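Asker: Residue numbers (the working numbering): 297 to 529. C-beta atoms are modelled at their ideal positions from N, C-alpha and C, and glycine is treated no differently. Please read all numbers here as calculations on a predicted model, not as lab measurements. Structure below; questions to follow.
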């Protein structure tokens, strides 16, 4: 290897140690590197937002098809609606995982919004986070998930999946009561599994989802319209 190429790749060379120095100085204008970084974070966040919308669309399409088929004939089995609820649960887990990834980019975007652009518009309000540059630097060096899987599931339940599950299970109750001559809960039986047991499992599963969605907790995904003050006009 030549001396010139060795110098170019030597990380101890002073020239290499200074690469990036001053790149994101606070006094740089809107055309500087900070603005390009902000635009890049918006692009990544929008990409992950589209992935969330895609799984939500899957859920709506699948449930619409199952509801249509379940009520198209009295001979169609009622437990197809329960299969639809299980499919919803599977898609919920997939979407919660994607939400955790989306939150990585959204949190960076919000950090730049609060501490660069909000401060630039009105410096009299001060900084939201005094050590935000160090925290953002650590996050770029080693990205990490900032919210738990349970919190992500709770967010998606509140936003989309709890209403969908309520519709599906409500349709299942109607299907097992109004479209059969067998008394309820015996009409909820699936094969040799008694209706009472099926009802118990369904009620327990739905109750668990409701508990996850509404239980008091400290939300780590900030500015997600979880409090009333953000909804004030």
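Taking the straight line between their C-alpha atoms, what separation do you get for residue 499 and residue 397?
Answerer: Stepping through the chain shown from its first residue, residue 499 is reached at position 203. Stepping through the chain shown from its first residue, residue 397 is reached at position 101. About 31 angstroms.
Asker: Just to confirm before moving on: does the CB-CB distance between residue 246 and residue 359 stay below 8 angstroms?
Answerer: Any property of residue 246 remains undetermined from this structure, which presents the chain solely from 297 to 529.
Asker: Thinking C-alpha only, which one of 338, 492, 370 and 443 is nearest residue 409?
Answerer: As a first step, residue 409 must be located in the chain shown, where it is residue number 113. Comparing Cα-Cα distances from residue 409 to each of 338, 492, 370 and 443, the minimum goes to 338.
Asker: So within the region 397 to 463, which uninterrupted alpha helix (DSSP H) runs reach at least 4 residues, ignoring any that extend past its ends?
Answerer: Listed in chain order, the complete alpha helix (DSSP H) runs (minimum 4 residues) inside the region 397 to 463 are 414 to 417, 428 to 437 and 445 to 452.
Asker: Under three-state DSSP, which class holds residue 379?
Answerer: Within the chain shown, numbered from 1, the residue matching residue 379 stands at position 83. Residue state, collapsed to three classes: helix.
Asker: Could you tell me which of 363, 475 and 406 sits nearest to residue 371, measuring between CA atoms?
Answerer: Position 75 of the chain shown holds residue 371. Of the candidates 363, 475 and 406, the residue whose Cα lies closest to the Cα of residue 371 is 475.
Asker: Taking Cβ positions, are residue 443 and residue 517 nearer each other than 8 angstroms?
Answerer: Here residue 443 refers to the residue found at position 147 when the chain shown is read from its first residue. Here residue 517 refers to the residue found at position 221 when the chain shown is read from its first residue. In terms of Cβ geometry, residue 443 and residue 517 form a close pair [threshold 8 angstroms].
Asker: So for residue 305, helix, strand or coil by DSSP?
Answerer: Here residue 305 refers to the residue found at position 9 of the chain shown. Because residue 305 sits at a pLDDT of 48, beneath the cut-off of 50, its placement in the model cannot be relied upon, and the following sentence gives the value as read from the coordinates. The three-state reading of DSSP puts residue 305 in helix, counting H, G and I together.
Asker: Run through DSSP, which three-state label would residue 478 get?
Answerer: Taking the first residue of the chain shown as position 1, residue 478 is located at position 182. The answer is coil: DSSP assigns residue 478 none of H, G, I, E or B.
Asker: Do residue 362 and residue 380 have their beta-carbon atoms positioned less than 8 angstroms apart in this structure?
Answerer: Along the chain shown, one-based indexing puts residue 380 at 84. Along the chain shown, one-based indexing puts residue 362 at 66. For residue 380 and residue 362, yes; Cβs fall inside 8 angstroms.
Asker: Near residue 505, what residues of its chain come up, given a Cβ to Cβ distance below 7 angstroms and the 5 sequence neighbours on each side ignored?
Answerer: Counted from its first residue, the chain shown places residue 505 at position 209. If we look at residue 505 and ignore the five residues flanking it on each side, its Cβ neighbours are 453, 458 and 461.
Asker: Can you tell which of 501, 486, 468 and 482 has its C-alpha closest to the C-alpha of residue 367?
Answerer: The residue you call residue 367 lines up with position 71 of the chain shown. The candidate whose alpha carbon is nearest that of residue 367 is 468.
Asker: What are the complete beta strand (DSSP E) segments, minimum 3 residues, inside the region 326 to 393?
Answerer: If we require 3 residues or more, the region 326 to 393 turns out to have no beta strand (DSSP E) run fully inside it.
Asker: Taking the straight line between their C-alpha atoms, what separation do you get for residue 511 and residue 329?
Answerer: As a first step, residue 511 must be located in the chain shown, where it is residue number 215. As a first step, residue 329 must be located in the chain shown, where it is residue number 33. Rounded to the nearest angstrom, the two C-alpha atoms are 42 angstroms apart.
Asker: If residue 488 and residue 480 are in contact, beta carbons under 8 angstroms, what's the gap, nearest whole angstrom?
Answerer: Residue numbering aside, residue 488 sits at position 192 when the chain shown is read from its first letter. Residue numbering aside, residue 480 sits at position 184 when the chain shown is read from its first letter. Contact doesn't hold; Cβ gap of about 18 angstroms is too wide.
Asker: Buried or exposed for residue 427, please, with buried defined as at least 16 other CB atoms from any protein chain shown within 10 angstroms of its CB.
Answerer: Against the chain shown, residue 427 aligns to sequence position 131. With fewer than 16 Cβ atoms within 10 Å of its Cβ, residue 427 is classed as exposed.
Asker: Below 8 angstroms CB to CB, which residues in the same chain sit around residue 326 once its five sequence neighbours on both sides are set aside?
Answerer: Translated into the one-based positions of the chain shown, residue 326 becomes position 30. Annotation note: pLDDT 49 at residue 326 (below 50); position unreliable, coordinate value reported separately. None.
Asker: On the CB-based measure, 16 or more other CB atoms within 10 Å of its CB, does residue 436 come out buried or exposed?
Answerer: Looking up residue 436 in the chain shown gives position 140. Burial call: exposed.
Asker: Do residue 400 and residue 351 come within 8 angstroms of each other at the CB atom, strictly closer than that value?
Answerer: For this step, residue 351 is matched to residue 55 along the chain shown. For this step, residue 400 is matched to residue 104 along the chain shown. Not a contact, by the Cβ cut-off of 8 angstroms.
Asker: Between the alpha carbons of residue 332 and residue 411, how many angstroms are there, rounded?
Answerer: Numbered from 1 along the chain shown, position 36 holds the residue referred to as residue 332. Numbered from 1 along the chain shown, position 115 holds the residue referred to as residue 411. A straight line joining the alpha-carbon of residue 332 with that of residue 411 spans about 16 angstroms.
Asker: What does residue 486 pair with, by DSSP beta-bridge criteria?
Answerer: As a first step, residue 486 must be located in the chain shown, where it is residue number 190. The partner list for residue 486 (beta bridge, DSSP) reads 489.
Asker: Using a Cβ-Cβ cut-off of 6 angstroms (strictly less than) and excluding sequence neighbours within five positions of residue 441, which residues of its own chain qualify?
Answerer: Position 145 of the chain shown, counting from 1, holds the residue named residue 441. Only 396 meet the Cβ criterion.
Asker: Measuring straight from C-alpha to C-alpha, what distance separates residue 470 and residue 354?
Answerer: Walking along the chain shown from the start, residue 470 turns up at place 174. Walking along the chain shown from the start, residue 354 turns up at place 58. Cα-Cα distance, rounded: 24 angstroms.
Asker: For my contact list, residue 341 and residue 402 are in at a C-beta cut-off of 8 angstroms; report their separation, rounded to the angstrom.
Answerer: Counting from 1 along the chain shown, the entry for residue 341 is found at position 45. Counting from 1 along the chain shown, the entry for residue 402 is found at position 106. That pair is a contact at about 5 angstroms.
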